[in-house]
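Student: Protein chains in written order, with my numbering: chain G, 2 to 118; chain D, 243 to 353.
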Amino acid sequence: AQTVTQSQPEMSVQEAETVTLSCTYDTSESDYYLFWYKQPPSRQMILVIRQEAYKQQNATENRFSVNFQKAAKSFSLKISDSQLGDAAMYFCAYNEDSGAGSYQLTFGKGTKLSVIP
Amino acid sequence: DAGVTQSPTHLIKTRGQQVTLRCSPKSGHDTVSWYQQALGQGPQFIFQYYEEEERQRGNFPDRFSGHQFPNYSSELNVNALLLGDSALYLCASSFRAQPQHFGDGTRLSIL
Numbered sequence: 002a003q004t005v006t007q008s009q010p011e012m013s014v015q016e017a018e019t020v021t022l023s024c025t026y027d028t029s030e031s032d033y034y035l036f037w038y039k040q041p042p043s044r045q046m047i048l049v050i051r052q053e054a055y056k057q058q059n060a061t062e063n064r065f066s067v068n069f070q071k072a073a074k075s076f077s078l079k080i081s082d083s084q085l086g087d088a089a090m091y092f093c094a095y096n097e098d099s100g101a102g103s104y105q106l107t108f109g110k111g112t113k114l115s116v117i118p
Numbered sequence: 243d244a245g246v247t248q249s250p251t252h253l254i255k256t257r258g259q260q261v262t263l264r265c266s267p268k269s270g271h272d273t274v275s276w277y278q279q280a281l282g283q284g285p286q287f288i289f290q291y292y293e294e295e296e297r298q299r300g301n302f303p304d305r306f307s308g309h310q311f312p313n314y315s316s317e318l319n320v321n322a323l324l325l326g327d328s329a330l331y332l333c334a335s336s337f338r339a340q341p342q343h344f345g346d347g348t349r350l351s352i353l
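1. Are the beta-carbon atoms of Q3 of chain G and T28 of chain G separated by less than 8 Å?
2. Of the residues D:V274, D:G284 and D:T256, which one's Cα is nearest the Cα of R299 of chain D?
3. Which chain G residues sit within Cβ distance under 7 Å of L236 of chain D?
4. According to DSSP, what are the bridge partners of Q15 of chain G?
5. Could you spell out the range, first to last residue, of the beta strand (DSSP E) harbouring Y91 of chain G?
6. Kindly indicate if chain G contains any beta-carbon less than 8 Å away from that of H343 of chain D.
7. Quick check: what's the CA-CA separation for Y292 of chain D versus S115 of chain G?
8. Identify the contact partners of Y103 of chain G in chain D, using a Cβ-Cβ distance below 8 Å as the criterion.
9. Check the Cβ of D304 of chain D against every Cβ in chain G and list those closer than 7 Å, keeping chain order.
10. Per DSSP, A244 of chain D is paired with what?
11. Is the Cβ-Cβ distance between I319 of chain D and G308 of chain D less than 8 Å?
12. What are the uninterrupted segments assigned as beta strand (DSSP E) that are 3 or more residues long and contained completely in the segment 276-309 of chain D, given in chain order?
13. Is L330 of chain D closer than 8 Å to R44 of chain G when the C-beta atoms are compared?
14. In chain order, what residues of the same chain lie with their CB nearer than 6 Å to the CB of P41 of chain G, ignoring the 5 residues before and after it?
15. Do Q278 of chain D and N321 of chain D come within 8 Å of each other at the CB atom, strictly closer than that value?
16. Where does L35 of chain G land, buried or exposed, given buried means 16+ other C-beta within 10 angstroms?
17. Under a CB-based cut-off of 8 Å, is F287 of chain D close to chain G?
18. Hey, quick one: how far does the beta strand (DSSP E) through K255 of chain D stretch, first residue to last?
19. Is it true that the CB of I352 of chain D sits closer than 8 Å to the CB of R264 of chain D?
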């Protein structure tokens, strides 16, 4: 079974600084997708960024970027110019390619990010 | 453009009762997945519905069942509620498999 590990239960960053959240995963598949979701206290799980495993180029979305290391099975999230609104739980998630017959998202346990003014 | 909507937002039940949670997917989405999120944990996959059929199921007992309607909306039913069923229940929708977009969830409390 696929597993996703987030080794940092809590992180903090000064406003306007940069922070990196870590994620590792275990899979025997070669085609899959990786995601970072943000969950503020309002509860809604918000998709931050997505990475397709077959793409070598790291995904970026404005201030959010990833460092995808397929051989190391590592998928870290970098948040630049941190803002107070970035404070939330961040979940790393894995999804096999649908051709493998599995459609579920497998989540890590999350990292709680605090932003210090 | 309405996103994923779930109802109710909060529900209180007692042990042994039955509950039904509802989800309307985002416009254009045809697939609905349900997740259970215990306090302080990541979401756990319950099952996914596509074309009105359960396409995949996670490691949950038969007390958890669901349904998808022709308009793609979905229900999650839980029978014989246990204290351990207290959690946030998240619905996610997608066009085909992914990416999955989530609703605000239903907070279920069992007394």
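Cβ coordinates follow ideal geometry from the N, Cα and C atoms, glycine included.
Tutor: If we stick to the structure as given:
1. Contact: yes.
2. Among D:V274, D:G284 and D:T256, the Cα nearest to that of R299 of chain D is on D:V274.
3. The structure shown does not extend to residue 236 of chain D, since chain D is modelled only from 243 to 353, so the question has no answer here.
4. For Q15 of chain G, which the question treats as bridged, DSSP gives the partners G:I117.
5. A89 to E97 is the span of the beta strand (DSSP E), which, as asked, contains Y91 of chain G.
6. Cβ-Cβ to chain G under 8 Å: yes for H343 of chain D.
7. Going from the Cα of Y292 of chain D to the Cα of S115 of chain G covers about 38 Å.
8. It is Ser, not Tyr, that sits at residue 103 of chain G in the sequence shown. Neighbours of S103 of chain G on chain D, chain order: Q298.
9. Taking the beta carbon of D304 of chain D as reference, no residue of chain G falls within 7 Å; the closest one sits roughly 18 Å away.
10. Residue pairing by DSSP places A244 of chain D opposite no residue, since no beta bridge is assigned to it.
11. Residue 319 of chain D is actually Asn in this sequence, not Ile. Yes, Cβ-Cβ distance for N319 of chain D and G308 of chain D is below 8 Å.
12. Contiguous beta strand (DSSP E) elements confined to the segment 276-309 of chain D occur at 286-292 and 295-299, taking only those with 3 or more residues.
13. For R44 of chain G and L330 of chain D, yes; Cβs fall inside 8 Å.
14. So the qualifying residues of the chain are A89.
15. For the 8 Å CB-CB criterion, N321 of chain D and Q278 of chain D do not form a contact.
16. Residue environment for L35 of chain G: buried (at least 16 other C-beta atoms within 10 angstroms of its C-beta).
17. True, the Cβ-Cβ gap to chain G drops below 8 Å.
18. The continuous beta strand (DSSP E) containing K255 of chain D extends over residues H252 to K255.
19. Their beta carbons are not under 8 Å apart, which means R264 of chain D does not touch I352 of chain D by this criterion.
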